[in-house]
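2 protein chains.
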Amino acid sequence: MTQQVNDATESSGGASARLAESSISTDIGFLLAKLHAAGSVLNNAALAEFGLKERSYSVLALACGDLGPTQRELAEFLSLDPSQIVALIDELEQRGLVERKPGISDRRQKLVAATEGGRTLHAAAQNATQAAESRQLEMLTGEEVASLRSILRKAVWSGNPADR
Amino acid sequence: MTQQVNDATESSGGASARLAESSISTDIGFLLAKLHAAGSVLNNAALAEFGLKERSYSVLALACGDLGPTQRELAEFLSLDPSQIVALIDELEQRGLVERKPGISDRRQKLVAATEGGRTLHAAAQNATQAAESRQLEMLTGEEVASLRSILRKAVWSGNPADR
DNA sequence: CTTAATCCTTGAAAATGTCAATCATTTATT
DNA sequence: AATAAATGATTGACATTTTCAAGGATTAAG
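Protein chains in written order, with my numbering: chain A, 4 to 167; chain B, 4 to 167.
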């Protein structure tokens, strides 16, 4: 998931476009990797002006909202090692964007909550990433985007349509 | 990109499922990352018995098929640095799965072609990855899978439906 | 009360990403 | 044709990320 793109100006049609004939071009895994890689570049570029990357933005986003996530929950939800969460939160906390609070029923765990400043920054950053997402998918129709979102959610969460 | 998952037995419903309420859960970029991360784990697990990973499998797959890709084309197509391609091909070549041939019209470039053994291994590995993909998406209907594939291709290749 | 398990944290090791320099070759300019 | 600029592959150095194992604090189980 971790893959980067050399030239962000050209979405995917360089001198290697002929390789799209290959059989792997129809692998959903491969397409997922490519679209995700391209999106990461756009997202990180959009988040740079806020001093955030995809990772820190995700943590900040989860720290906003009234559900006080545990560091372990963050790690599991973001598919990251717990030690990586420590580093991410250290940085966000030093910048005054989130706070570590002791767990309510279990004092081993630490709940991560966004500060007021964190929420403000998140709102601005959210606009930027959503704009980047729209730009990346602008060749898709509204129906296609909705369909993509819905299918991805079903695939990721094994099909419980409980959430908006 | 490039994210990993800790527990492959459980697709996404662990103790952190409640975090799915968060707003990022509807970000296509986030969903892409999560599905891609989970798929990578499955793919790498399926490819391990052949001594391959996603990267080397992709290179091998592109080396099969009659289009003789250049190392630079491979780098661009796979969104990798050219130096990473060198290492990947070194390994595949040492195992006798691919060969480096001098470029036809340009002797600077090297064409990568699979050997007979490489093709045999690729065929077996392809079965394994396709089975893994089917397993990962088994909760989707056939229509949904087809729709997902088609939309992803359109998004990745900016909408030229020139390729099957 | 003791043992085992869990959460966060730290640090080290391995893998990967990024970048600049080099050689051989090709393309462009005079 | 001669020189200069550009390109493809390669190497090696450096930064970042991933992965693991171990530790202290706390909770759960026996």
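Just so you know, even glycine gets a beta-carbon here, dropped at the ideal spot from N, CA and C.
Using the beta-carbon count (16 or more within 10 Å), is residue i buried or exposed?
i, result
"S82(B)", "buried"
"N46(A)", "buried"
"E146(A)", "exposed"
"I107(A)", "exposed"
"T144(B)", "exposed"
"E141(B)", "exposed"
"K104(B)", "exposed"
"T123(B)", "exposed"
"V101(B)", "buried"
"R138(B)", "exposed"
Strictly under 9 Å for the Cβ-Cβ distance: is residue i near chain A by that measure?
i, result
"T12(B)", "At T12(B) the pLDDT is 41, less than 50, meaning the model places this residue with poor confidence and gives no usable figure here."
"R75(B)", "yes"
"L100(B)", "no"
"E119(B)", "no"
"L134(B)", "Before going on, a small fix: residue 134(B) reads as Ala here, not Leu. No, no contact with chain A."
"R156(B)", "yes"
"A131(B)", "no"
"S161(B)", "yes"
"L124(B)", "no"
"G17(B)", "yes"
"P105(B)", "no"
With H, G and I counted as helix, E and B as strand and the rest as coil, what does DSSP make of residue i?
i, result
"R167(A)", "Confidence at R167(A) is low in this model, with a pLDDT of 40, below 50, so the placement of that residue is unreliable and no value is reported for it."
"L55(A)", "coil"
"E147(B)", "helix"
"L114(A)", "strand"
"E180(B)", "A question about residue 180(B) goes unanswered here, because the residues of chain B that appear run from 4 up to 167."
"L50(B)", "helix"
"S25(A)", "coil"
"G32(B)", "helix"
"A41(B)", "helix"
"E141(A)", "coil"
"A128(B)", "helix"
"S153(B)", "helix"
"A134(B)", "helix"
"A158(A)", "helix"
"A18(A)", "coil"
Within 9 Å (strictly less), CB to CB, does residue i reach chain B?
i, result
"A127(A)", "no"
"S150(A)", "yes"
"A20(A)", "yes"
"A116(A)", "no"
"Q112(A)", "no"
Ranges of the beta strand (DSSP E) found wholly within the segment 60 to 107 of chain B, counting only runs of at least 3: 101 to 105
message: What are the residues in the segment 24 to 35 of chain B lying within 9 Å of chain A by C-beta distance?
response: E24, S25, S26, I27, S28, T29, D30, I31, G32, F33, L34, L35
query: Relative to chain B, which residues along the segment 34 to 52 of chain A have a C-beta separation below 7 Å, given in chain order?
result: L34, L35, A36, K37, L38, H39, A40, G42, S43, N46
Chain B contacts made by the segment 76 to 96 of chain A, where a contact means CB separation under 8 Å: E76, L77, A78, E79, F80, L81, S82, L83, D84
- prompt: Going along the segment 55 to 69 of chain A in order, which residues come within less than 7 Å of chain B, judged by CB to CB distance?
  reply: S61, A64, L65, G68
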